[in-house]
Amino acid sequence: MTQPRGLVNHLEGGAGTAGGWGLGAGGGAGAGGAVASRDWASYPILRFCETPVVETVLLDRPELEPLGAGEATVGPASGALANAVFAATGLRVRDLPMTPERLREVAAT
1 MTQPRGLVNH
11 LEGGAGTAGG
21 WGLGAGGGAG
31 AGGAVASRDW
41 ASYPILRFCE
51 TPVVETVLLD
61 RPELEPLGAG
71 EATVGPASGA
81 LANAVFAATG
91 LRVRDLPMTP
101 ERLREVAAT
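For the sequence shown, our numbering begins at 1 and goes up steadily by one.
Listed below in structure tokens is the structure:
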């Protein structure tokens, strides 16, 4: 591993980003494809007090070629969030964001 602390920061930050996207944070596009947030003050993002504690365990594999981490936690974190929603509500949500409105839509089907 070249920069373990940087890797941990990247992975944990990606998990927080995925949680925000999954719960409806993030600027994205509004009605008609218009930009939903024009500045950082109006950009909906999870705050530190809203994110769970994450413990990252790195596996040092020196026999393997070094590769980038990319956004390695976004997919698994989104899936974990969907599974948590299912465990709590019995609703299998398959689209993001998992807002109360989306849960009502899924419950109605």
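C-beta atoms are modelled at their ideal positions from N, C-alpha and C, and glycine is treated no differently.
Notebook entry, point to check: Expressed to the nearest angstrom, what Euclidean distance is found between the alpha-carbon atoms of R61 and L67?
Noted result: 11 Å
Notebook entry, point to check: For T99, which residues from the same chain have a beta carbon less than 6 Å from its beta carbon, with the 5 sequence-adjacent residues on both sides left out?
Noted result: Contacts found: G24.
Check: With a CB to CB cut of under 6 Å and the five nearest residues on each side skipped, what residues in its chain are close to V74?
Finding: G14 and A18
Next item on the list: Count the other C-beta atoms from every protein chain shown that fall within 10 angstroms of the C-beta of L46, then say buried if there are 16 or more, exposed otherwise.
Entry: buried
Checklist line | L81 burial status per 10 Å Cβ neighbour count (16 or more: buried) | finding: buried
Note to self: Pop quiz: H10 and A77 are said to be a contact at Cβ under 8 Å. What is the actual Cβ separation, rounded to whole angstroms?
What the structure shows: H10 to A77, Cβ: 13 Å. No contact.
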